[in-house]
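Following: one structure in structure tokens, then a few remarks.
Residue numbers (our numbering): 129 to 452.
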């Protein structure tokens, strides 16, 4: 009986349409770097071919594209003026191109061109060259929530793919973690393709927590091959494939006080805020702690195990910070 129910569920899942939300990092400071192995104009050719392949997989597959720019996050497709696949389009006909592909390609290329034509941000405004990944994830989750509400039968299976080249921005730690937990609660996997550069710590955690895929291509010039073989299969097909995974996941966090990624931090036992150094008062929830904790340096100086410090008050029943 269980096998029959499982087969019916898999059959229904197979017939569901797939909603893919793609977040493209358009940070010009990273794409135009002299050591970049792949320029943005060449990478867009790979990405557009991948988008077209997703739409060609099923007649009811859906797509949304969001640009994560420096200081801005913008929908590239669909926009208020762009129709969705399957609807009537009002663009110039081209007998050599499938019309749905042309609508998507034109919207993405036009939107990115407008972003790059805007005044270039200064060094003080660009926040160390980081793009607004957290804002883009929020937009993607809002769009998915709207699509799921409009689908009363529950036949839309959403997922998010992040294509990034920018380093982590410690100031985005809290917004990104909020997006991760929201996606996990809604069963929305977040896939991440780090095209080049150092590993993105926060996005590694996003892929691990939401059961998505995190991957760095060996050669960024073969981006299309990586996208087609690793990120094109939907959630139903992935159950039959052996896809790449993460051997190690970096679970470091960013402190709430200086927005730095820390190896060891002090956690407030009330609001779970993380700090790089001990403070008698939590700056987030204003909780006052009753005693000074025993720091690692004090242990090395020969503090006796189990002995209390007569110069400090006894721990009370109030909330105390813990180190992690």
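All residues carry an ideal CB built from backbone N, CA and C; glycine is no exception.
Let me make sure I understand the geometry here. Which of the options has the alpha-carbon closest to that of residue i?
{"i": "residue 157", "options": "149, 148, 337, 168", "result": "168"}
{"i": "residue 335", "options": "349, 178, 376", "result": "376"}
{"i": "residue 314", "options": "227, 373, 277, 343", "result": "277"}
{"i": "residue 106", "options": "174, 324, 393", "result": "In this structure the chain extends from 129 to 452, so residue 106 is not present and cannot be described."}
{"i": "residue 373", "options": "350, 387, 398, 345", "result": "345"}
{"i": "residue 198", "options": "244, 279, 174", "result": "244"}
{"i": "residue 176", "options": "159, 240, 326", "result": "240"}
What first and last residue would you give for the beta strand (DSSP E) that runs through residue i?
{"i": "residue 321", "result": "318 to 322"}
{"i": "residue 287", "result": "284 to 292"}
{"i": "residue 153", "result": "145 to 153"}
Can you name, in chain order, every residue of its own chain whose Cβ lies under 6 Å from the Cβ of residue i, other than the five neighbours on each side?
{"i": "residue 296", "result": "328, 329, 330"}
{"i": "residue 214", "result": "Interpretation of residue 214 is limited by its pLDDT of 47, a score under 50 that renders its predicted location unreliable; the figure taken from the coordinates is listed afterwards. Excluding residues within five positions, none has a Cβ falling inside 6 Å."}
{"i": "residue 260", "result": "196, 201"}
{"i": "residue 184", "result": "none"}
{"i": "residue 382", "result": "298, 301, 389"}
{"i": "residue 147", "result": "190, 275, 284, 286"}
{"i": "residue 108", "result": "No statement about residue 108 is possible, as the shown extent of the chain runs from 129 to 452 and does not include it."}
{"i": "residue 354", "result": "345"}
Could you give the C-beta distance for residue i and residue j, rounded to a whole number, given that I count them as a contact under 8 Å?
{"i": "residue 303", "j": "residue 262", "result": "4 Å"}
{"i": "residue 291", "j": "residue 151", "result": "7 Å"}
{"i": "residue 294", "j": "residue 155", "result": "5 Å"}
{"i": "residue 340", "j": "residue 319", "result": "4 Å"}
{"i": "residue 171", "j": "residue 371", "result": "In fact, because the Cβ distance is near 22 Å, the residues do not count as touching under 8 Å."}
How many angstroms separate the CA atom of residue i from the CA atom of residue j?
{"i": "residue 359", "j": "residue 281", "result": "26 Å"}
{"i": "residue 364", "j": "residue 408", "result": "51 Å"}
{"i": "residue 288", "j": "residue 246", "result": "27 Å"}
{"i": "residue 283", "j": "residue 366", "result": "18 Å"}
{"i": "residue 222", "j": "residue 229", "result": "11 Å"}
{"i": "residue 242", "j": "residue 394", "result": "44 Å"}
{"i": "residue 369", "j": "residue 224", "result": "34 Å"}
{"i": "residue 305", "j": "residue 232", "result": "30 Å"}
{"i": "residue 347", "j": "residue 309", "result": "32 Å"}
{"i": "residue 238", "j": "residue 401", "result": "42 Å"}
{"i": "residue 149", "j": "residue 188", "result": "15 Å"}
{"i": "residue 417", "j": "residue 406", "result": "10 Å"}
{"i": "residue 332", "j": "residue 321", "result": "10 Å"}
{"i": "residue 173", "j": "residue 163", "result": "20 Å"}
{"i": "residue 279", "j": "residue 378", "result": "36 Å"}
{"i": "residue 272", "j": "residue 153", "result": "19 Å"}
{"i": "residue 343", "j": "residue 159", "result": "19 Å"}
Check whether the Cβ of residue i lies closer than 7 Å to any heavy atom of the ligand COA, and answer yes or no.
{"i": "residue 300", "result": "Ligands are entirely absent from the displayed structure, and the ligand COA is therefore not among its contents."}
Looking only at its own chain, which residues have a Cβ that is under 7 Å from the Cβ of residue i, when we skip the five neighbours before and after it?
{"i": "residue 481", "result": "Residue 481 cannot be examined here, being either before or after the span of the chain that is shown, 129 to 452."}
{"i": "residue 391", "result": "380"}
{"i": "residue 356", "result": "178, 181"}
{"i": "residue 235", "result": "204, 205, 207, 210"}
{"i": "residue 307", "result": "262, 265, 266, 269"}
{"i": "residue 385", "result": "403, 404, 411"}
{"i": "residue 349", "result": "165, 166"}
By the DSSP assignment, the alpha helix (DSSP H) with residue i in it spans what residues?
{"i": "residue 329", "result": "329 to 337"}
{"i": "residue 195", "result": "Per DSSP, residue 195 belongs to no alpha helix (DSSP H); it is in the beta strand (DSSP E), 190 to 197."}
{"i": "residue 203", "result": "That residue, residue 203, is in no alpha helix (DSSP H); its beta strand (DSSP E) goes 200 to 205."}
{"i": "residue 364", "result": "363 to 366"}
{"i": "residue 310", "result": "301 to 313"}
{"i": "residue 182", "result": "168 to 185"}
{"i": "residue 412", "result": "Looking at the DSSP string, residue 412 is not in any alpha helix (DSSP H), and its letter there is neither H nor E."}
{"i": "residue 243", "result": "227 to 245"}
{"i": "residue 351", "result": "351 to 354"}
{"i": "residue 274", "result": "261 to 278"}
Can you list, in chain order, the residues of its chain with a C-beta nearer than 8 Å to that of residue i? Leave out the 5 residues immediately preceding and following it.
{"i": "residue 145", "result": "186, 188, 189, 190, 283, 284, 285"}
{"i": "residue 326", "result": "295"}
{"i": "residue 387", "result": "298, 299, 301"}
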